[in-house]
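Below is one structure, written out as structure tokens; comments come after it.
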Amino acid sequence: MSYWLMKSEPEECSIDDLVRLGRVPWTGVRNYQARNFMRDDMRVGDGVLFYHSSCPEPGVTGLAEVACPAYPDATQFDPQSKYFDAKSARDNPRWLHVDVSLVRKTRLLSLAEMRGMPALEGMRLLQRGNRLSITPVSAAEWRAVTKALDAKAA
DNA sequence: GCCAACGTTGGC
DNA sequence: GCCAACGTTGGC
Numbered sequence: 034m035s036y037w038l039m040k041s042e043p044e045e046c047s048i049d050d051l052v053r054l055g056r057v058p059w060t061g062v063r064n065y066q067a068r069n070f071m072r073d074d075m076r077v078g079d080g081v082l083f084y085h086s087s088c089p090e091p092g093v094t095g096l097a098e099v100a101c102p103a104y105p106d107a108t109q110f111d112p113q114s115k116y117f118d119a120k121s122a123r124d125n126p127r128w129l130h131v132d133v134s135l136v137r138k139t140r141l142l143s144l145a146e147m148r149g150m151p152a153l154e155g156m157r158l159l160q161r162g163n164r165l166s167i168t169p170v171s172a173a174e175w176r177a178v179t180k181a182l183d184a185k186a187a
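With the numbering used here as the guide, the letters of the first sequence map in order to residues 34 to 187.
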């Protein structure tokens, strides 16, 4: 079993949207590394840290899991979509994604608080210059995060 | 294949 | 709005 951190802009899909819907298709990823994680490395049941980015209070806001194997992203073929990709062929789709289902909403574990946790020092998310919207999380990092989520805010 | 220009991400 | 970091594009 592997663990992942997946960034979502709350204006696009927030933890409350995930609570309401129960499961969401992770469409719109247009970065090859992130796509490869979903296509090649994710397995159904993998743990997901649901992270709010590009917002006033960035941080982990919930736990989720990978709900299905990767499949073609429909938005790449939709000229009306902002994720439309004219260079992607229907018989050889460039972009794939998994679905993510809710495990539970948590308190906000803010980016600032995470930066203060020694156990997360090596976390990919926290590395300088990291911009990837999907990053692997080690089992030790997962344990530290879930433990912190169950504790009071620092 | 190199690399400059440009675009995007995302915290601050 | 700024800007660092990094990915992508495209001319050569």
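Backbone N, C-alpha and C fix where the C-beta goes; we use that ideal spot for every residue, glycine too. Note that the coordinates shown come from a computational prediction; the quantities given were computed from them, not determined experimentally.
Item: Per DSSP, the bridge partner or partners of residue 170; Value: 36
Item: First and last residue of the uninterrupted alpha helix (DSSP H) at residue 65; Value: 65-69
Item: Backbone CA spacing between residue 185 and residue 178 [nearest angstrom]; Value: 12 Å
Item: Proximity to residue 85 [Cα-Cα], best of 67, 160, 44, 76; Value: 44
Item: Those residues which DSSP pairs with residue 134 across a bridge; Value: 56, 98
Item: Cβ neighbours of residue 115 in the same chain (closer than 6 Å, five flanking residues each side left out); Value: none
Item: Residue 119 - DSSP class collapsed to helix/strand/coil; Value: coil
Item: Whole-number beta carbon distance between residue 75 and residue 107, since they are thought to touch under 8 Å; Value: That pair is no contact at about 19 Å.
Item: Length of the line joining the Cα atoms of residue 173 and residue 118; Value: 38 Å
Item: Cβ pair residue 52, residue 133 closer than 8 Å; Value: no
Item: CB-CB length for residue 94 against residue 141, believed under 8 Å; Value: 6 Å
Item: Euclidean distance between Cα positions of residue 73 and residue 99; Value: 13 Å
Item: Three-way DSSP call (helix, strand, coil) for residue 165 in this model; Value: coil
Item: Alpha carbon of residue 8 to alpha carbon of residue 120, nearest angstrom; Value: This structure does not reach residue 8, given that the chain is present from 34 up to 187, and the question cannot be answered.
Item: Nearest candidate by alpha-carbon position, reference residue 145, set 90, 156, 155; Value: 90
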